[in-house]
Structures are given as C-alpha cells and as structure tokens.
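Accompanying notes for the structure given below.
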Amino acid sequence: MGAVGAIIFNHSTGGNTWVTMGGDPVNIPAAFITHDDGLNLVPADGQTVVVSAADDVQSLPDPYTPADKIADFSSRGPRGTDSMLKPDITAPGVAIFAAAMGEGVNGVSFSGTSMAAPHVAGVAALMRQAHPNWTVEQIKAAMMNTAVDLTDNSPVPRQGAGRVDAYKAVTADTVAIGDKDLVSLNWGVVPFSTDFYYDTKLITLRNFTSTAKVYTATWYFYTESMTKGVSLSLPVTVSVSANGSASVPVNLTIDATQVPNEFERTLEEYSGYVVFTNTVVPTDSLRVPFYLQPRPYSQVSDDGTSVTSFPYTSFGWLSLEHTGPISSSLFIYPVYVADTNELDVLDHGDIRYIGMDYGWNNSTYGDIFVPAISSYGAWHTPQPYISEFDMYLDVDEDGTYDLLNFNWNYGAYNGGDSDDVWVIVQVDLQTSDLSLGSPYLIYTDYNASFQEWYLPATWNGLEDITTTANTDFNYQFFGFDVLGNSDASEAGYFDIAKRPFVYLASDDPGPDNRSAAWVPIVNDTGGYLATRPKGVMVVDYNGHPDNQVLYFPLDVTGFTNIFMPLISQQ
C-alpha cells in the first residue's frame, strides 16, 4: 500500500498485554503498541509525525502490566511425566529488551522463556562468582529459597517458588533443599487405599557461615490450594551448626475420607510452602515449596462366587467384594478388545480393553453410542501429546475406513492455545475435513486410565435406530504413548441397535457395604452372535489410576447351530 512504516496496535478490548509479533519478513520499520495507546493515536490520523529509529534505547515504565504479575501465556505445572512441581521459579519474561544475537550493538524485544531463562542463567552466573564452591543444586536452592511471591496471588503450580530475587539469591549464605535436584518437596500423585496415608520427607539445611543459626519452622497452604484432609508437621525449631547441616523431617498425613475423589476434570491439588525463619534475623528466611495430589481409591474383586458361563436363556452373576476407604462408583461395558501389555509401548498409551455399548437417546442429538477405553497405565492428561487414542470407523462396511475420531482439546481444535476442555475430534478420511465427533466432552480425569466417548450416531456416519437404518459399522483402535509408540487393537464390528447385554445391578459398594453384584443378561441374540463380546468390564471410576476396570470373560452357551441349504440356479 506504499507505507514507509507501520505502527500496529491491539484492537481487542483490554489488549494492553505486550505481544511478540511474527510472520513473513517485512522491509519497512514497524512497531507494536498497546490497545489504549493505539486508541490515543487514532485522533491523530493524517497528521505528520516523526518517529525516530535511532539506537538510543531507553527504559520506560509500562503503565499497563503490573509488576510481578504472571503472564497470561505462561504455562503451569505440574510436569507431565510424574506430576512433580513445575515451574521451579518465575522470572521476568514479558516484553524484555535484550542484546540481539549476532547483531552487534542492536537489541531485540521478546517475551517468553527465551527471555526468562537467560535472566535466571545470569543470576546463576553471579551466584557462581560469589560462591564458586557451591553445587548446582545449592545454587538452585538459594534462588528458590529467596524468591518472592507474585503480586497477583498466582498459585504454586504457576509461580513455583516465586519470582527470582537476584540480590537475595547472590547474598544467601544458607540453603534448604527438599527432594534431590528438585529442591521442592514433591509427592506428586499419591494413590492409596487405606483410611490414612502417612509419609515423611526430609529438608536439609546447609549453613555456609561460621556462626550457628536457629530457625523456627512453619508451613502453610498457598493460594488456590485445597486444604481439607491434608496436613504437614515438622519440628518447631531447627538448629544448624556453623558450616554444618541439619535434616528436618516433614511428616505428611492424608485423611482419605476428607480429600475429594470425584472422577471429573479437576486437579485435586495441595500446595504451599515450608518456611524457616532465623530467630535472630527474621528477614533471613528460607522457603521450600511443596506439592501433592492425593488419590484415595477403592477396589473391587471377584469374591469367588461369580457365574461367568451360562445359557443365553439365563443370566450371569458377577459377585464383587469391595476394599478401600471410599465408595466405588461402578458401571459396566461389553468388552470387544482384550489386548496384551506391549513391551515397546508405555502403559499410558497401551490399550488394555475396548468396550462398546449403546448409550441413550438424546432429544437433540439422537441415539448415542459409547466407546470405552482402558489403558495399562494412567496418563497425566488425556491429550494426544501424552496419550492418543484413535478410532477408525468403516460405516458403510466396504473395507475402507471413512472416519477417524481421536481425543484432543477444544482450544487447539479451534486454532488457539491448548486447554483442558477434552473433546473428540473427527477427521473425514475422504476429504481430510476436521470437525467435532461429539457435542459431549470426554468423560475422564487427570491421572486416569479410563475414558468414555459419547458419540451421536448421526455425527459419525450412522443413522438413528429404525427398522431400516444404517446402525452398524466396522472399527479399529490405535493407542499412542508420549514417545509416539503405537499399539493397534484387533478390528471389530458393532451395531448400536443390537445391544448384546442388558444388566441388573446392586447399589455401589463402599466401607459400609462391602458386597455388590452385576447381572448380565443376553438382550439381543443376533447382536451377541454378530459381535461376540469377549466378556464385560466392571468400571470403577474411583479405582486405582493405573487400572480402573475388573474384567470378566463370559461364555454364553446354548445357541443352536443353523444350517442353510444350498440351492442351485437353473
């Protein structure tokens, strides 16, 4: 358009956050300003102004971004592999002007880890200069122990130990270290099946001065942490000798009856800080973050009286015995895939069982059918980056798959940032078009090994149930772990109009009633014979994160062999 330069502003209401812009190379000067500054410039449109591009960098206050506030784009913990606390620490990372690599005296402004990480590395270099004999772990500990809270009350899984304070970190002369290398105290996910869970971890204080120190020890939950049912205890005072160390036991107690245990899209997080305050110099304090996710679980097992072989005119009997501190929450599915535990696939992406059943009829979406997926181990989050499950559907049964459903998240599906709104996304394998495979969210949880998909027939190339409807299809599942290793299930066939079983059930068992039963009854002999389920899985949504199902192989007998005569054409 003939412009010799461009000033771009964020037109979105409230868009005063600095944004690093990218895209195709441009050959004219350009600058980005905030929403409010842009609105202030609009009345000057058409006037002549002088914009200097001289390299006279000045530091100007940012009137829109409060100091020590977490960036909107900053990710949060815990880390995905084991649910240990991340981040360790927070550092400035929004609109940071720094030296441009390979550009001489020129600079560049960026946001993100690319700016925060060099900031922390610089602090570490100063600390190495001040304390040349300290280990990497001790340098990290000093930074974390002396970090300060952000002003927006960001929770521990967002700010970690807090914002690094360079001066306090460099001048620290005592450090407190919890878990090796991590510095923080981490329990991660804590599965347990007793009324109470107890554990003890150590924090080691190391005094690098020639004077003995005495600290008072306290702890507290921080912002957004759950609090009910979890407590810490530790000695009231700690003495650390000159140039010596002291180990402080930190005792954890969890009451299974008090902590939440619902199977839903929620992280039951407990986090805060253990603080050591110098009794002589109160400003000399050391802080260690802690983090955990309690997961009390129930267990059901076969009590030995189950009947799993029965005539199709009769019924089975699945007799269950409950153990654990909380009640079970049970459901049941016919099982069509019982897969082996693959040695070359991590358990969270390794298919254990695939179940399938008709669900219900919705007045808006019509008939719903439900694939149920059980893996050999828990995923941190049911995202395809961690655990992906693909369902291929051949809805016209011509030997070619027509649709692919897989687990994803709504934010990424819409072209934005990933979020934790877990949805089924569908690929039309003929056109490569992408759409939602269901209006329902995936029913699962963090740190779980079971998920259900609620799929409308009409969204998946099928028809609602009538006497002439297309209600059957062929399918196959694939699982993928975080490393991309894959597990292929056997192929199968299902007809949503012909449920093989219906069921009777007792109330869910729990601490007050340890017995329960499910009764499978053949519902449609044609559906049973066509799909041949291997058995059923009793799902305990409150079960152990690594295995939330109990499998019963079923042997249904008494079907009469039917022989059709062969008639030749004349």
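Numbering (the working numbering), first residue to last: 29 to 598.
By construction, the Cβ of each residue, glycine as well, lies at the ideal position given by its N, Cα and C atoms.
- If one requires a minimum length of 4 residues, no alpha helix (DSSP H) run lies completely within the region 450–480.
- CA-CA distance, Y226 to D456, rounds to 51 Å.
- Taking a cut-off of 8 Å for Cβ pairs, the region 233–242 and the region 261–269 touch, as three or more such pairs fall below it.
- Runs of the beta strand (DSSP E) lying entirely within the region 176–213 and spanning at least 3 residues, in chain order: 202–205.
- Listed in chain order, the non-local C-beta contacts of Q187 below 6 Å within the same chain comprise T118 and L178, local neighbours out to five positions each way being set aside.
- Beta-bridge partners of Q504 (DSSP): Y420.
- In the displayed model, S111 falls within coil according to three-state DSSP, outside both helix and strand.
- In the structure shown, the three-state DSSP call for I61 is strand.
- If the five residues before and after S334 are omitted, its C-beta is found closer than 7 Å to the C-beta atoms of W345, L346, S347 and F580, all from its own chain and listed in chain order.
- Annotation: the continuous alpha helix (DSSP H) that includes K168 extends over V164 to N173.
- Three or more Cβ pairs closer than 8 Å define a contact, and the region 212–223 meets that threshold against the region 321–328.
- In the DSSP assignment, T553 falls within the alpha helix (DSSP H) that extends over T553 to T559.
- For the 8 Å CB-CB criterion, Y250 and S299 form a contact.
- For D375, the CB contacts under 6 Å within the same chain, skipping 5 residues up- and downstream, are Y404 and G405 in chain order.
- DSSP places R104 outside both helix and strand once states are collapsed to three, so it counts as coil.
- Of the other Cβ atoms in all chains shown, 16 or more fall within 10 Å of the Cβ of A169; this residue is therefore buried.
- The beta carbon of A197 sits closer than 7 Å to those of V151, M155, A170, M171 and T174, all from its chain and outside the five residues before and after it, given in chain order.
- Proximity of the region 388–398 to the region 416–426 falls short of the contact definition, fewer than three beta-carbon pairs being nearer than 8 Å.
- Within the same chain, Cβ atoms closer than 8 Å to the Cβ of D574 are found at P219, D375, Y404, G405, A406 and S477, the five residues on either side in sequence being excluded.
- Measuring C-alpha to C-alpha distances from T255 to each of I282, W487, P277 and V164 identifies I282 as the nearest.
- In the structure shown, the three-state DSSP call for R380 is strand.
- Excluding five sequence positions before and after D445, the CB atoms of its chain that fall closer than 7 Å to its own CB belong to G439, given in chain order.
- The residue from L230, H159 and G135 with its alpha-carbon nearest to that of T202 is H159.
- The DSSP assignment places complete beta strand (DSSP E) segments of no fewer than 3 residues inside the region 514–542 at 514–516, 520–523 and 529–533, in order along the chain.
- Around I414, the same chain offers G108, H376, W407, H408 and V510 as residues with beta carbons nearer than 7 Å, after the five sequence neighbours per side are excluded.
- When secondary structure is reduced to three states using DSSP, L69 falls in the helix class.
- Here L432 carries a strand assignment [DSSP, helix/strand/coil].
- Cβ atoms of A245 and L262 come within 8 Å of each other, at about 5 Å.
- In chain order, V550, T553, Y556, V584, T585, G586 and F587 place their CB closer than 8 Å to the CB of Y340, counting only its own chain and leaving out the 5 sequence neighbours on each side.
- For V316, the enclosing beta strand (DSSP E) starts and ends at S313 to P324.
- Of all alpha-carbon atoms in N38, T76 and I354, the one lying nearest the alpha-carbon of L67 is that of N38.
- Scanning Y195, D209 and I382 for the CA closest to the CA of T163 turns up D209.
- Straight through space, the alpha carbons of S139 and N44 are spaced by roughly 14 Å.
- G507 and D515 do touch by the CB rule: their CB atoms are close to 4 Å apart, below 8 Å.
- M143 and P57 have their C-alpha atoms roughly 23 Å apart.
- Following the DSSP letters along the chain, one finds V151 in no beta strand (DSSP E) but inside the alpha helix (DSSP H) bounded by residues T141 to A158.
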